[in-house]
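Enquirer: I'd like to ask some things about the structure below.
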DNA sequence: CCTTTCACTTACAGCCGTTAGCTTATGGCT
DNA sequence: AGCCATAAGCTAACGGCTGTAAGTGAAAGG
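Residue numbers (the numbering used here), protein chains in the order written: chain A, 920 to 1131; chain B, 920 to 1131.
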């Protein structure tokens, strides 16, 4: 599967005010390349340009350099994940156990449905160049803080409803729970077949949330 | 820091029967490149050759192609990790809690001391080419099975000594514990600074081993 | 001395990121 | 309707790095 470089149409140029649309198309092209199963080395400036149907230098109107593309992809997917988690929590109703499993399952599903995206988001390869729109600390903390606060919140609800053993450090428990989820999510995103029982996810959640 | 391409000595050629020595030197050079902090993209066939002080094509006498080098590195480090884990277990004495924490701490320490090595071992980027000495399933299961059996063994000892709650599936619990450790180890290997409390490792171990 | 092992030099073709300068469609203005 | 400034994207080209192939030299040791 080479996904056809054959560009049937030479792509209609964007209209006057809508030059910025191309930026989104570039990010989408990069994500598409990832999803096609090739690893992140397949996402080069030139391959992205080909996928988007534009000439390579046209990217420089929207991104400073190649790493910036990857950075934008990570940012977009981080936001998408955060939104999905909040949504899952809100749609789960008032029951704390339901909320907990909804959030955790949504997290795990993201990694399973988009393994390549998950890999670049948390695989730590989007270059720690400390310049321009740098993420690295601030933005990882952004999702970090956001998702972890959500998790701590749900854990607190579990304690309040009496289905989990309390703790003096809810945030620390949230971090531990997230680390467990991350371990499973990352491993699933990396290998073809996971060892161990199918319900290992539930075991992780049950143990790390101290459910009774 | 460019680590000096300046090869003072042109490197003494190996003696008659010892041609195979170069193979080890090549692997060591690749590992050295990793440890220098550059990511795995810095480990190219040519850079490895430069680091080892040999000409690039000389590698082909010992490795079929570039991915094979990475593969050999992963194999070597997998073995080293397995040995370290067994050693830690044997040196921990008979106390089950000590054994458990010795093994887990050793695992976590490996990832902290050699983050780049850990990343390529479990980051799933050493190309899933299904040919020649392929690892991918067999050899990951090798460490997988080995380390997981060890963990299950230690967990069983914890139950026997009455310091942990029993379970009907010890191997499943071992997998869950390993996933937690992996989550922490990988995250530490990837980001500069981890959120959360310092004792998060002990929390993971305590919760996932069902310690009382 | 002469064979065999070990490693080297040279070279090719392909991809990469990036710079410089050019073309073309768009849409407001006269 | 016609002009024409400008936004939007293109072509050509550079230097550098990559993996790999083909053929060459030198040292070791029987």
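All residues carry an ideal CB built from backbone N, CA and C; glycine is no exception. Computed from a prediction, not measured in an experiment: that's the story for all the values here.
(1) With a threshold of 8 Å, are at least 3 pairs of Cβ atoms found where one atom belongs to the region 1069-1087 of chain B and the other to the region 1073-1084 of chain A?
(2) Cβ of residue 1116/B less than 8 Å from any chain A Cβ?
(3) Could you name the residues of the same chain whose beta carbon sits closer than 8 Å to that of residue 977/B, not counting the 5 residues immediately before and after it, in chain order?
(4) On the CB-based measure, 16 or more other CB atoms within 10 Å of its CB, does residue 939/A come out buried or exposed?
(5) Alpha carbon to alpha carbon, how far is residue 1104/B from residue 1098/A?
(6) Can the beta-carbon of residue 982/B be found less than 8 Å from the beta-carbon of residue 988/B?
(7) When you compare only the Cα positions, how much space is there between residue 1072/B and residue 1129/A?
(8) Is the Cβ of residue 1004/A closer than 8 Å to any Cβ of chain B?
(9) Taking the alpha helix (DSSP H) that residue 986/B falls in, what are its first and last residues?
(10) Taking 8 Å as the CB-CB cut-off, is residue 1119/B touching chain A?
(11) So who's on the other strand from residue 1083/A, going by DSSP bridges?
(12) For residue 1125/B and residue 951/A, what's the separation of their Cα atoms in angstroms?
(13) Can you name the start and end residues of the alpha helix (DSSP H) that residue 954/A belongs to?
(14) If I'm right that residue 1007/A touches residue 1025/A with Cβ under 8 Å, what's the distance once you round it to whole angstroms?
(15) So, with DSSP's three-state summary, where would you put residue 1024/B?
(16) Three or more C-beta pairs closer than 8 Å, one from the region 947-967 of chain B and one from the region 1100-1118 of chain A: is that the case here?
(17) Around the C-beta of residue 1028/A, are 16 or more other C-beta atoms found within 10 angstroms, so that it is buried, or is it exposed?
(18) May I ask you to report which of helix, strand or coil DSSP gives residue 1102/B?
(19) Closer than 8 Å by beta-carbon distance: list the chain A residues that pair up with residue 1126/B, in chain order.
(20) Cα separation between residue 1068/A and residue 948/A?
(21) If I follow the unbroken alpha helix (DSSP H) through residue 1040/B, where does it start and stop?
(22) Could you pull out every residue in the same chain whose Cβ sits closer than 6 Å to the Cβ of residue 889/B, ignoring the five residues on either side in sequence?
(23) Would you say residue 1101/A lies against chain B (beta-carbon separation less than 8 Å)?
(24) Should residue 1084/B be flagged as near chain A, meaning a C-beta pair shorter than 8 Å?
(25) Could you pull the start and end residues of the alpha helix (DSSP H) that residue 1112/A belongs to?
(26) For chain A, find out if any of its Cβ atoms is closer than 8 Å to the Cβ of residue 1105/B; answer yes or no.
(27) I need the boundaries of the alpha helix (DSSP H) containing residue 1044/B, first residue and last residue.
(28) So residue 966/A is in the alpha helix (DSSP H); what residue range does that whole segment cover?
(29) Residues of the region 1023-1041 of chain A in Cβ contact with chain B at a cutoff of 8 Å, in chain order, please.
(30) Can you tell me the Cα-Cα spacing of residue 1178/B and residue 1096/A, whole angstroms?
(31) May I ask you to list, following chain order, the residues of the region 989-1023 of chain B that have a beta carbon less than 8 Å from some beta carbon of chain A?
(32) Using a beta-carbon distance cut-off of less than 9 Å, what residues from the region 943-965 of chain A approach chain B?
(33) Compute the Euclidean distance between the alpha carbons of residue 1005/B and residue 1022/B, then round it to the nearest angstrom.
(34) Once DSSP output is grouped into helix, strand and coil, what is the label at residue 976/A?
(35) With 8 Å as the threshold, decide whether the Cβ of residue 967/A is near any Cβ in chain B.
Expert: Let's see:
(1) no
(2) Taking the first residue of the second chain as 1, we reach residue 1116/B at position 197. Chain A, which has a Cβ nearer than 8 Å to the Cβ of residue 1116/B, makes this yes.
(3) Against the second chain, residue 977/B aligns to sequence position 58. Only 941, 968 meet the Cβ criterion.
(4) For this step, residue 939/A is matched to residue 20 along the first chain. With fewer than 16 other Cβ atoms from the protein chains shown falling within 10 Å of its own Cβ, residue 939/A counts as exposed.
(5) For the purposes of this step, residue 1104/B is identified with residue 185 of the second chain, where counting begins at 1. For the purposes of this step, residue 1098/A is identified with residue 179 of the first chain, where counting begins at 1. Approximately 9 Å, taken between the alpha carbons.
(6) The count along the second chain starts at 1 and reaches residue 982/B at position 63. The count along the second chain starts at 1 and reaches residue 988/B at position 69. Yes, the pair counts as a contact, with Cβ atoms nearer than the cut-off.
(7) As a first step, residue 1072/B must be located in the second chain, where it is residue number 153. As a first step, residue 1129/A must be located in the first chain, where it is residue number 210. So the two alpha carbons sit approximately 23 Å from each other.
(8) One-based indexing of the first chain puts residue 1004/A at position 85. So no, residue 1004/A is outside the interface.
(9) As a working note, residue 986/B is residue 67 in the second chain. Start and end: 985-1009.
(10) Reading the second chain from its first residue, position 200 is the one you call residue 1119/B. The C-beta of residue 1119/B comes closer than 8 Å to at least one C-beta of chain A.
(11) The sequence position of residue 1083/A within the first chain is 164, counting from 1. DSSP lists 1130/A as partners of residue 1083/A.
(12) Against the second chain, residue 1125/B aligns to sequence position 206. Against the first chain, residue 951/A aligns to sequence position 32. Their backbone Cα atoms lie some 41 Å apart in a straight line.
(13) Position 35 of the first chain holds residue 954/A. Looking at the DSSP string, the run of the alpha helix (DSSP H) that includes residue 954/A is 940-954.
(14) Indexing the first chain from 1 puts residue 1007/A at position 88. Indexing the first chain from 1 puts residue 1025/A at position 106. About 4 Å separates the Cβ atoms of residue 1007/A and residue 1025/A, confirming a contact at the 8 Å cut-off.
(15) The residue you call residue 1024/B lines up with position 105 of the second chain. Three-state DSSP puts residue 1024/B in a helix.
(16) no
(17) Residue mapping note: residue 1028/A aligns to position 109 of the first chain, counting from 1. The residue is exposed, with fewer than 16 neighbouring Cβ atoms inside 10 Å.
(18) Translated into positions along the second chain, residue 1102/B becomes position 183. Correct three-state label for residue 1102/B: helix.
(19) Your numbering for residue 1126/B matches position 207 in the second chain. Within chain A, the residues near residue 1126/B are 1095, 1126, 1127, 1129.
(20) If you number the first chain from 1, residue 1068/A lands on position 149. If you number the first chain from 1, residue 948/A lands on position 29. The alpha-carbon atoms of residue 1068/A and residue 948/A are separated by roughly 32 Å.
(21) On the second chain, residue 1040/B is found 121 positions in, with the first residue counted as 1. Unbroken alpha helix (DSSP H) run through residue 1040/B: 1034-1041.
(22) In the structure as shown, chain B begins at 920 and stops at 1131. Residue 889/B is therefore absent and cannot be evaluated.
(23) In the first chain, counting from the first residue as 1, residue 1101/A sits at position 182. Chain B, which has a Cβ nearer than 8 Å to the Cβ of residue 1101/A, makes this yes.
(24) Along the second chain, one-based indexing puts residue 1084/B at 165. Judged by the 8 Å Cβ criterion, residue 1084/B is not in contact with chain A.
(25) As a first step, residue 1112/A must be located in the first chain, where it is residue number 193. First-last for residue 1112/A: undefined, no H or E at that position.
(26) Position 186 of the second chain, counted from the start, is the residue given in the question as residue 1105/B. It does; some Cβ of chain A falls within 8 Å.
(27) To locate residue 1044/B, count along the second chain from 1; it is residue 125. In the DSSP assignment, residue 1044/B falls outside any alpha helix (DSSP H) and carries neither an H nor an E.
(28) Indexing the first chain from 1 puts residue 966/A at position 47. Where residue 966/A is concerned, the enclosing alpha helix (DSSP H) stretches over 964-971.
(29) 1038, 1041
(30) Chain B is shown from 920 up to 1131; residue 1178/B falls before or after that span and cannot be answered.
(31) none
(32) 958, 959, 960
(33) Reading the second chain from its first residue, position 86 is the one you call residue 1005/B. Reading the second chain from its first residue, position 103 is the one you call residue 1022/B. In a straight line, the C-alpha of residue 1005/B is about 8 Å away from that of residue 1022/B.
(34) Numbered from 1 along the first chain, position 57 holds the residue referred to as residue 976/A. Assigned with DSSP and collapsed to three states, residue 976/A falls in helix.
(35) By 1-based counting over the first chain, the position of residue 967/A is 48. Any Cβ of chain B closer than 8 Å to the Cβ of residue 967/A would place that residue at the interface, and such an atom is absent.
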